[in-house]
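These notes concern the structure reproduced below.
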Amino acid sequence: MTTTTERTDRPSSGSPEGGRSPVRARRRPLTLRQRESRAGLTLISPTLAVVVAVVVLPIVWTIVLAFQRVRLATLRRTGLFGELTMANFTRVLDYPGFWDTLWRTVIYSISSTVSSILVGLVAALVVRDAFRGRTFVRASMLLPYVAPVVAVAFVWQVMLDPQLGFVNAWGTGVLGWDEPIPFLSQDSTALITVIVFEAWRYFPFAFLFLLARLQAVPRELEEASRVDGATPTQRFRHIVLPQLMPVIALLAVLRFIMTFNKFDDVYLLTGGAAGTEVVSIRVYQFLTAQTDIGAAAAQAVVLAAVLVVFVVVYLRFFGSRRAEG
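Those letters in the sequence shown? Residues 217 to 541, by the working numbering.
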């Protein structure tokens, strides 16, 4: 008896015709780049969370407050989606002396930035070459920058005091001044004094950057120019200064941003009086004296917008020059 075996074509269990769920495809192994990307995201996630909590959220909250009528008494009842208005910006822009304060802030920032960089450049050139006690001199130049601002501001107040300060004592006794000069309470001298204080306090910041770049300038170039008969001024202008220009440009934008937002130095020295009221002090006055949080936030947003304009101009100018170079 012959047995006939019939072959029946049945759909496999993994095919859609079988009425069963398809077999999940096996995952492809991650590439080295993908594993490195995931490891990098894992490592930076704590820092990213801190930045979001400390930087991003306060900025967003400040912008939200700038478009709401918020007083100190109503701050707890203010939400993210309250009634939005432009009244705060109108009040800030129409407030008496706004444009004078803004212009004064620009002058103060530019003058302080240029002065601190120039003093830092001179200091870096002085200690560039080796001499006895150079390490001590370098370390002592950092003192104005690392000292507490409250302490140094108090020292300057006492030093420049018309009755107690030794500056006026020397001026009237040695230099022949007719009378003591109230440096910090007179309109013609207060802003200049604050700018000088800024240059003295923050020149070590520029000094560190410029000295580090000076140490990297090849001495062979200067030696060759000296053999060719170049004077010290020519060597500095044509060899050293071009090497320092990228660092000077970076310092200019960093110091301008820092000075434009500066509050504590000016407030500790003059309290914003005698023609030294800058935009950051006006933010403080809106917040404390008038308890108008919305106006203070709007003033801060205007301050940030002006800074953005200056930074964009800087990037377009120096970025294009660097690309051409």
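No residue lacks a Cβ here, since even glycine has one placed at the ideal position from N, Cα and C.
What you are looking at is a predicted structure, and each value in this text was computed from that prediction instead of being measured.
Counting Cβ pairs, one atom from each stretch, are 3 or more of them under 8 Å apart for the stretch 304 to 319 and the stretch 464 to 471?
As far as the Cβ criterion goes, the stretch 304 to 319 does not touch the stretch 464 to 471, which means the pair count is below three.
Please go through the same chain and pick out, in chain order, the residues whose beta-carbon is closer than 7 Å to the beta-carbon of Ile509, but skip the five residues on each side of it.
Cβ within range, chain order: Leu281, Val286, Arg287, Leu288, Leu291, Leu503.
Spatial neighbours of Ala514 within its chain, please: C-beta separation below 7 Å, excluding the five flanking residues on both sides.
Correct list, in chain order: Ala282, Asn304, Phe305, Val308.
How big is the Cα-Cα spacing for Ile464 and Ala521?
Looking at the two C-alpha atoms, the distance is approximately 24 Å.
Comparing C-alpha positions only, which one of Val335, Ile326, Leu273 sits nearest to Phe425?
Comparing Cα positions, the closest option is Val335.
Inspect the beta-carbon positions of Leu273 and Val366 and report whether they are closer than 8 Å.
Contact: no.
Let me know if Met357 comes out buried or exposed under the rule of 16 or more other beta-carbons within 10 Å of its beta-carbon.
That one is buried.
Assuming Val494 contacts Val482 (C-beta within less than 8 Å), just tell me the rounded distance between them.
That pair is a contact at about 6 Å.
Any contact between the stretch 447 to 459 and the stretch 370 to 383? By contact I mean 3 or more CB pairs, one from each, below 8 Å.
Segments in contact, no.
In this structure, how does DSSP classify Arg287 when only helix, strand and coil are distinguished?
Arg287: strand per DSSP, three-state reduction.
Measure from the alpha carbon of Val412 to the alpha carbon of each residue in Asp403, Thr329, Tyr530, then state which is nearest.
Val412 has its Cα closest to that of Thr329, out of Asp403, Thr329, Tyr530.
Between Ala422 and Leu337, which are expected to be in contact by the criterion C-beta below 8 Å, what is the C-beta distance as a whole number of angstroms?
Rounded, the Cβ-Cβ distance is 7 Å, consistent with contact.
Out of Ile408, Thr449, Asp480, which one is the CA nearest neighbour of Arg320?
If we check each option's Cα against that of Arg320, Ile408 comes out closest.
For my contact list, Gly487 and Ala406 are in at a C-beta cut-off of 8 Å; report their separation, rounded to the angstrom.
Not confirmed; about 10 Å, so no contact.
Where does Asp508 fall in DSSP's three states?
Note: Asp508 maps to strand in three-state DSSP.
Rounding to the nearest angstrom, what Cα-Cα distance links Val239 and Arg251 in this structure?
With a pLDDT of 48 at Val239, under the threshold of 50, the predicted position of this residue should be treated as unreliable, and no value is reported.
To the nearest whole angstrom, what separates the beta carbons of Leu400 and Leu376, a pair I think is in contact under 8 Å?
Right, their Cβ atoms sit about 6 Å apart.
Ile326 to Ser253, Cα distance in whole Å?
Looking at the two C-alpha atoms, the distance is approximately 42 Å.
Can you tell me whether Tyr311 is helix, strand or coil according to DSSP?
Correct three-state label for Tyr311: coil.
Exposed or buried, Ser331, counting other C-beta atoms within 10 Å across all chains shown (16 or more means buried)?
Ser331 comes out buried.
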